[in-house]
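Visitor: Which chain is which? The protein sequence lines are A and B, in order.
Numbered by our numbering, the letters in the first sequence go through residues 481 to 695 in order.
Numbered by our numbering, the letters in the second sequence go through residues 481 to 695 in order.
Below is a structure I'd like to ask you about.
Number of protein chains: 2
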Amino acid sequence: MPPETRRRGRPSGRTGTDLLDTARAVFLEHGYAGTTMDAIAARAQISKASLYREHPSKDALFAAIVRAWADAGRDAMRPHLQRLESAEDTREGLIALAEIMRAGILGREVLRMRRLVTSEAERLPEVAAAYLEDSWERNIRALAETLRALADRGRLRAPDPHLAAEQLTWLVIGAPLNRRLLAGTDDPDGHAAPVATAVDLFLAGYGPENGPLHA
Amino acid sequence: MPPETRRRGRPSGRTGTDLLDTARAVFLEHGYAGTTMDAIAARAQISKASLYREHPSKDALFAAIVRAWADAGRDAMRPHLQRLESAEDTREGLIALAEIMRAGILGREVLRMRRLVTSEAERLPEVAAAYLEDSWERNIRALAETLRALADRGRLRAPDPHLAAEQLTWLVIGAPLNRRLLAGTDDPDGHAAPVATAVDLFLAGYGPENGPLHA
DNA sequence: CCTACCGATCGGTAGG
DNA sequence: CCTACCGATCGGTAGG
Chain A
481 MPPETRRRGR PSGRTGTDLL DTARAVFLEH GYAGTTMDAI AARAQISKAS LYREHPSKDA
541 LFAAIVRAWA DAGRDAMRPH LQRLESAEDT REGLIALAEI MRAGILGREV LRMRRLVTSE
601 AERLPEVAAA YLEDSWERNI RALAETLRAL ADRGRLRAPD PHLAAEQLTW LVIGAPLNRR
661 LLAGTDDPDG HAAPVATAVD LFLAGYGPEN GPLHA
Chain B
481 MPPETRRRGR PSGRTGTDLL DTARAVFLEH GYAGTTMDAI AARAQISKAS LYREHPSKDA
541 LFAAIVRAWA DAGRDAMRPH LQRLESAEDT REGLIALAEI MRAGILGREV LRMRRLVTSE
601 AERLPEVAAA YLEDSWERNI RALAETLRAL ADRGRLRAPD PHLAAEQLTW LVIGAPLNRR
661 LLAGTDDPDG HAAPVATAVD LFLAGYGPEN GPLHA
């Protein structure tokens with residue numbers, strides 16, 4: 481029997497990052513309280529004792545999952561921001577970006593992760609704070625830098641790029657995110673406003689030759 | 481012994497609406513999973529058996545609490561919308577309304593209730609849907625009607641008042657709501673943008689003589 | 001209306 | 001001898 485098959489001295493189940501992915505799936509399916517360490521261990525094909533040796537408690541495991549998730553999502557928007565920055569037509573570039581932001585934030589996994597972190601935010605404030613920073617504030621700042629760059633080239637007028645970035649973001653995702661968080665998962669979001677309506681209001685205030693925001 | 485003291489034939493603990501208020505407080509303190517029916521019964525000074533006679537399950541009790549809460553919050557914005565509609569200065573009227581919306585939605589109890597409903601939304605979709613309708617969609621529609629009335633009197637230009645109402649709402653509360661939901665409760669929201677920035681972007685698009693939204 | 005109690009299952013840890 | 005892992009079960013508590 482070849483040593484690869486025997487795997488002597490190597491764990492046969494998932495550990496490390498694989499374990500976190502598996503555990504995340506279980507948490508997303510059943511929620512925090514509904515998830516048992518037994519279920520996670522079973523899914524990962526390790527004993528509970530092994531699970532506890534890697535993560536000393538359920539809370540610690542959850543924190544590790546959120547950290548890994550937020551880490552993986554860091555700078556996820558970078559390439560799309562690059563495309564916006566070099567877009568011929570600023571309005572169309574903004575619409576394309578807005579479409580990607582909306583699809584990303586309203587994705588099932590992202591939505592469920594958000595619900596999970598939010599529901600435990602009071603009990604585990606440092607976990608929620610890290611999530612907020614890595615998967616939100618950081619991306620807002622990146623968008624703000626792109627808006628500043630566009631302003632520098634006369635494509636926009638944005639005296640406060642960070643504020644503008646927040647406003648654009650919430651114009652795009654506020655209503656559908658709220659609906660998805662509170663309505664069941666089944667809503668195909670048929671009656672969501674096109675992202676262009678958000679971009680047009682944004683440009684009414686921040687377009688290069690528009691608006692009393694710069695009076 | 482006077483009959484008021486004996487209270488013969490009357491339950492000595494809280495029932496009905498009082499019971500729902502008491503139970504809501506316990507849920508808000510400990511979250512759904514962290515709340516036990518024993519704790520609620522004790523706080524309400526009734527036996528667990530009595531509690532189960534009024535509400536056949538923990539889920540049913542929770543549903544009744546959310547329904548009562550959403551019901552109490554219905555039309556909470558009406559008087560403030562009246563004031564906006566008769567405001568001398570539209571911008572200042574919008575700012576005053578925005579201030580009230582923000583304060584209301586970011587209140588501790590409202591925020592905690594929102595977290596609670598959201599976290600159980602997948603398990604109890606009809607509860608979350610009722611909450612969304614009564615304490616959200618309904619208020620958006622009321623705001624939309626006010627905006628339409630202002631447009632009719634030439635104070636605004638709003639071809640789609642419902643869309644405009646949603647956009648104003650999320651410009652005002654999106655960023656601080658997100659931060660409060662994910663950050664601990666301690667944040668005094670020092671670095672929140674003034675509501676006037678939201679109103680000004682809104683007016684850049686919907687002001688009576690502004691913007692390419694009406695080109 | 002209450003005390004007492006149930007079947008089951010939880011997060012976490014023992015010895016080997 | 002070590003690291004990696006297991007079956008079995010602990011004390012407490014959940015909703016009903």
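The beta carbon of each residue, even a glycine, is placed where N, CA and C say it ideally should be.
Quantities reported herein were computed from a predicted structural model and do not represent experimental measurements.
(1) One question on the structure: do A/Thr570 and A/Leu630 come within less than 8 Å of each other, judged by their Cβ atoms?
(2) Distance, Cα to Cα, B/Leu577 vs B/Ala622?
(3) Would a check of beta-carbon distances place B/Leu574 closer than 8 Å to chain A?
(4) For chain A, is any of its Cβ atoms less than 8 Å away from the one on B/Glu646?
(5) Note down, in chain order, each residue of its chain lying with its Cβ closer than 8 Å to the Cβ of A/Arg558, except the 5 sequence neighbours on either side.
(6) Using only the alpha-carbon positions, how far apart do A/Val652 and A/Ala583 sit?
(7) Which residues in chain A sit within 7 Å of B/Trp650, going by Cβ to Cβ distance?
(8) Are the C-beta of A/Arg547 and some C-beta of chain B separated by less than 8 Å?
(9) Could I get the ranges of all uninterrupted alpha helix (DSSP H) runs contained in the stretch 617 to 648 of chain B, with 4 residues as the minimum, in chain order?
(10) Does B/Ala684 have its Cβ less than 8 Å from a Cβ in chain A?
(11) Please name the residue in B/Val675, B/Ile545, B/Ala519 and B/Leu531 whose C-alpha comes closest to that of B/Thr649.
(12) Helix, strand or coil: which one does DSSP assign to B/Ala556?
(13) In the DSSP assignment, find the alpha helix (DSSP H) that holds A/Pro526 and state where it starts and stops.
(14) Spatial neighbours of A/Met481 within its chain, please: C-beta separation below 7 Å, excluding the five flanking residues on both sides.
(15) By Cβ distance below 7 Å, which residues in the same chain neighbour B/Asn619 in space, the five residues on each side in sequence not counted?
(16) Looking at the C-beta of B/Asn658, does it have a partner C-beta in chain A at a distance below 8 Å?
(17) Give the DSSP-derived three-state secondary structure of B/Leu604 in the structure shown.
(18) Out of A/Leu643, A/Arg635, A/Gly685 and A/Arg659, state which residue places its alpha-carbon closest to the alpha-carbon of A/Leu564.
(19) CB B/Ala673 to CB A/Leu662, shorter than 8 Å?
(20) Answer yes or no: does any C-beta atom of chain A fall closer than 8 Å to that of B/Leu541?
(21) Quick one: list the residues of chain A neighbouring B/Arg554, beta-carbon separation under 7 Å, in chain order.
(22) Would you tell me roughly how many angstroms separate the C-alpha atoms of B/Ala644 and B/Leu574, rounded to the nearest one?
(23) Give the single residue among B/Glu579, B/Asp555, B/Val506 and B/Ser527 whose Cα lies nearest to the Cα of B/Glu613.
(24) Over what stretch of residues does the alpha helix (DSSP H) that includes B/Gly685 continue unbroken?
(25) When the cut-off is 8 Å and only beta carbons count, does A/Tyr532 lie next to chain B?
(26) Does the structure place the stretch 503 to 511 of chain A close enough to the stretch 541 to 556 of chain A that three or more beta carbon pairs sit under 8 Å?
(27) Sort B/Arg592, B/Ala548 and B/Ile580 by Cα distance to B/Leu508 and report the nearest one.
(28) Can you grab the Cα-Cα spacing for the pair A/Ala684 / B/Arg659, in whole Å?
(29) Taking 8 Å as the CB-CB cut-off, is B/Arg595 touching chain A?
(30) Determine the direct distance from the alpha carbon of B/Ile520 to that of B/His696, and round the result to whole angstroms.
(31) Could you say which of B/Asp539, B/Ile580 and B/Arg628 lies nearest to B/Leu604 if we only look at CA atoms?
(32) How is A/Ser599 classed by DSSP in three states: helix, strand or coil?
(33) Which class does A/Arg486 belong to by DSSP, given the choice of helix, strand or coil?
(34) Over the uninterrupted alpha helix (DSSP H) stretch that includes A/Thr497, give me the two end residues.
Guide: Reading off the structure:
(1) Yes, Cβ-Cβ distance for A/Thr570 and A/Leu630 is below 8 Å.
(2) C-alpha separation (whole angstroms): 13 Å.
(3) No, B/Leu574 lies away from the interface with chain A (no Cβ there is under 8 Å from its Cβ).
(4) It does: the Cβ of B/Glu646 has a partner Cβ on chain A nearer than 8 Å.
(5) Excluding residues within five positions, the ones whose Cβ falls inside 8 Å are Ala622.
(6) A/Val652 and A/Ala583: Cα-Cα distance of roughly 10 Å.
(7) Near B/Trp650 (Cβ distances below 7 Å), the residues of chain A are Trp650, Leu651, Gly654 and Ala655.
(8) Chain B has no Cβ within less than 8 Å of the Cβ of A/Arg547.
(9) Runs of the alpha helix (DSSP H) lying entirely within the stretch 617 to 648 of chain B and spanning at least 4 residues, in chain order: 618 to 632.
(10) Contact of B/Ala684 with chain A is assigned, a C-beta pair being separated by under 8 Å.
(11) Per the C-alpha coordinates, the member of B/Val675, B/Ile545, B/Ala519 and B/Leu531 positioned closest to B/Thr649 is B/Val675.
(12) For B/Ala556, the secondary structure class from DSSP, reduced to helix, strand or coil, is coil.
(13) It is Ile, not Pro, that sits at residue 526 of chain A in the sequence shown. Run containing A/Ile526: none; DSSP gives neither H nor E here.
(14) Since pLDDT at A/Met481 reaches only 40, below the 50 mark, its modelled position is unreliable, and the value read off the structure follows with that caveat. Apart from sequence neighbours up to five positions away, no residue of its chain approaches A/Met481 with a beta-carbon distance below 7 Å.
(15) The residues are Met557.
(16) The beta carbon of B/Asn658 sits closer than 8 Å to some beta carbon of chain A.
(17) Of the three classes helix, strand and coil, the one that applies to B/Leu604 here is coil, per DSSP.
(18) With distances taken between Cα atoms, A/Leu564 lies closest to A/Arg635.
(19) For the 8 Å CB-CB criterion, B/Ala673 and A/Leu662 do not form a contact.
(20) For B/Leu541, no CB of chain A lies under 8 Å from its own CB, so it is not counted at the interface with that chain.
(21) By Cβ distance, chain A contributes nothing, its closest Cβ being about 16 Å from B/Arg554, past 7 Å.
(22) Roughly 13 Å between the two C-alpha positions.
(23) It is B/Asp555 whose Cα lies nearest to the Cα of B/Glu613.
(24) DSSP places B/Gly685 in the uninterrupted alpha helix (DSSP H) bounded by Val675 to Tyr686.
(25) It does not; no Cβ of chain B falls within 8 Å.
(26) The stretch 541 to 556 of chain A is in contact with the stretch 503 to 511 of chain A.
(27) Selected option, being the one with the closest Cα: B/Arg592.
(28) Near 26 Å, if we compare the C-alpha coordinates of B/Arg659 and A/Ala684.
(29) Judged by the 8 Å Cβ criterion, B/Arg595 is in contact with chain A.
(30) Lying before the first or after the last residue shown, residue 696 of chain B is absent from chain B, which here runs from 481 to 695.
(31) The shortest Cα separation from B/Leu604 among B/Asp539, B/Ile580 and B/Arg628 belongs to B/Asp539.
(32) Residue state, collapsed to three classes: helix.
(33) Low local confidence applies: a pLDDT of 38 at A/Arg486 is under 50, so the model's placement there is unreliable, and no value is given.
(34) That run of the alpha helix (DSSP H) goes Gly496 to Gly514.
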